[in-house]
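Heads up, the thing below is written out as structure tokens.
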Amino acid sequence: MKKFLLSMMVFVAALSFNACSDSNANQETVNPQSKEVVMKEFGRTVPTGLDKEDGKYKVSFILSAQPYEIKDTKENEAYISMISQAVKNETPVQIFLKANSNEIAKVEKATAEDVRYFKSVFTKEERGVTNRLASVIPDLATLNSLFTQIKNQSCGTSTASSPCITFRYPVDGCYARAHKMRQILNNAGYECEKQFVYGNLRASTGTCCVSWVYHVAILVSFKNASGVVEKRIIDPSLNSTGPITDTAWRAACTNSTCGSTSVSSFTNTAGNVYYRSPSGSLLYDNNLVNTNCTLTAFSALSGCSAPVPSTAHCGF
């Protein structure tokens, strides 16, 4: 009997040891996975800038005003090389970010189909505005009325239609806001220009600060009381009180209370330009498909929270 009990104890001990071994084996397969970087897909996109600073590279992409970064490490050498080549050739890559951040975790080559697509839509070819709308607003009163119409479409107001304009979320989406503002002007019988400003931009909402690699808003022409044509920027995300001069607008884009900031360049484009890269390549969104999709994606957001939601499903 004693021998039987002793045998059983040895058997149970062996089982316990094996169970512990299996448990440890499971932990060893799980732990390496837990050390892997949790990533989210940013999507296919064209990088437009790659600038080294403080042991990392700041990366810019088409459309997004947000700065992204990739660490300058040996592990990232191939990724950085792919981004650099894509900037040079203005071709797309597939980007993956570390979860809840703007840090690039992985870069993959785009498909041949993606390359062909972006070559067809991202171009230096200017497309003329075909409408016959008035290019000059007749007076200041009309300009202020149009500003009020635009401001009333802001998300969070009872006067906004869908999709509302995301003035209360300045972090990104300026390209969509500007295009929607232009649509309101067009519907009222007026055309506009746009102004793009590039650089290490910082702006304040009054309660928080945002960083941009570029910003865009509509630029309108109107006749002052003397009949002289002047130009003003309409951008309620930066100034909700009324139209401002483009000089004042660029100053608001370089608010030094938010940190080191500078403008590298700025330029005016036709109103139908949806996005312009620093090198002058253009995107168009004549049917406002990307515009409306982007505004919808950001419509519930306010303040300066980042990273921004993905708009990969919106096209481009």
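Under mature numbering (1 follows the signal peptide of the UniProt record, and there is no 0), read the sequence shown as residues -21 to -1, 1 to 295, first letter to last.
Where is the CB? At the ideal position from N, CA and C, for every residue including glycine.
Would Ala89 pass as a contact of Gln64 if the rule is Cβ separation under 8 Å?
Not in contact: Ala89 and Gln64 (Cβ atoms no closer than 8 Å).
Using DSSP bridges, identify the partner residues of Glu32.
Answer is Lys35.
Taking one C-beta from the stretch 265 to 272 and one from the stretch 238 to 250 each time, how about it: are there three or more such pairs within less than 8 Å?
Touching, no, given that fewer than three Cβ pairs across the two stretches are closer than 8 Å.
So Trp228 and Ile212 are in contact, right, with Cβ under 8 Å, and what is the actual spacing, rounded?
Correct: roughly 4 Å between the Cβ atoms.
Below 7 Å, is the gap between the Cβ of Lys35 and the nearest heavy atom of the ligand ATP?
Among the components of this structure there are no ligands whatsoever, and the ligand ATP is therefore not found.
By Cβ distance below 7 Å, which residues in the same chain neighbour Asp225 in space, the five residues on each side in sequence not counted?
Closer than 7 Å at the Cβ level, and outside the excluded window around Asp225, lie Gln174, Leu198, Lys210, Ile212.
In terms of residues, what are the limits of the beta strand (DSSP E) holding Ser244?
Per DSSP, Ser244 belongs to the beta strand (DSSP E) from 241 to 249.
Tell me, please, which residues DSSP counts as bridged to Ile83.
For Ile83, which the question treats as bridged, DSSP gives the partners Leu76.
Going by beta carbon distance, what residues of the same chain come within less than 7 Å of Met18, once the five residues before and after it are set aside?
If we look at Met18 and ignore the five residues flanking it on each side, its Cβ neighbours are Phe75, Leu76, Lys77, Ala78, Ala84, Lys85.
Counting along the chain, where does the beta strand (DSSP E) carrying Val16 start and finish?
Segment: none, Val16 is in no beta strand (DSSP E) and carries neither H nor E.
Using the C-alpha atoms, what's the distance from Ile59 back to Asn68?
Between Asn68 and Ile59, the C-alpha separation is close to 14 Å.
Taking the beta strand (DSSP E) that Asn179 belongs to, which residues open and close that run?
Its beta strand (DSSP E) spans residues 172 to 183.
Could you confirm whether any beta carbon from chain D is found closer than 8 Å to the beta carbon of Asp118?
Of the protein chains in this structure there is only one, and it is not chain D.
Based on the DSSP secondary-structure assignment, which residues constitute the bridge partners of Ser190?
Bridge partners of Ser190: Arg181.
With distances taken from CA atoms, which of Ile49, Gln45, Asp33, Leu29 is nearest Val66?
Among Ile49, Gln45, Asp33, Leu29, the Cα nearest to that of Val66 is on Leu29.
Is it right to say Lys53 is buried, meaning 16 or more other beta carbons lie within 10 angstroms of its own, or is it exposed?
Burial call: exposed.
By the 10 Å Cβ neighbour count, where 16 or more other Cβ atoms means buried, how is Lys159 classified, buried or exposed?
Flag for Lys159 reads buried.
Leaving out five residues on either side along the sequence, give the residues of the same chain with a beta carbon under 8 Å from the beta carbon of Gln45.
Around Gln45: Asn81, Val150, Asp151, Ser190, Trp191, Val192, Ala285, Pro286, Val287.
If you draw a straight line from the C-alpha of Lys35 to the C-alpha of Lys130, how long is it?
Looking at the two C-alpha atoms, the distance is approximately 39 Å.
Hey, how far is the Cα of Glu172 from the Cα of Ser200?
Approximately 8 Å between the Cα atoms of the pair.
If you draw a straight line from the alpha carbon of Arg255 to that of Thr27, how long is it in whole angstroms?
Spanning the two alpha carbons is a distance of roughly 10 Å.
Would you grab the beta carbon distance between Lys31 and Asp51 for me? Rounded to a whole angstrom, and I think it's under 8 Å.
Sure, about 7 Å apart at Cβ, within 8 Å.
Pick from Phe21, Arg23, Leu42, Glu20: whose alpha carbon is nearest that of Gly259?
Of Phe21, Arg23, Leu42, Glu20, the residue nearest in Cα terms is Leu42.
Who does Gly22 pair with in a DSSP beta bridge?
Bridge partners of Gly22: Ile74.
In this structure, how does DSSP classify Lys53 when only helix, strand and coil are distinguished?
Lys53: helix per DSSP, three-state reduction.
Using a Cβ-Cβ cut-off of 7 Å (strictly less than) and excluding sequence neighbours within five positions of Thr233, which residues of its own chain qualify?
Taken in chain order, the residues that qualify are Leu180, Arg181, Thr240, Ser241, Val242.
By the DSSP assignment, the beta strand (DSSP E) with Val252 in it spans what residues?
Start and end: 252 to 255.
Would you kindly report the start and end of the unbroken alpha helix (DSSP H) that includes Asn104?
It should be pointed out that residue 104 corresponds to Glu in this sequence rather than to Asn. Note, Glu104: premise wrong, no alpha helix (DSSP H); not H, not E.
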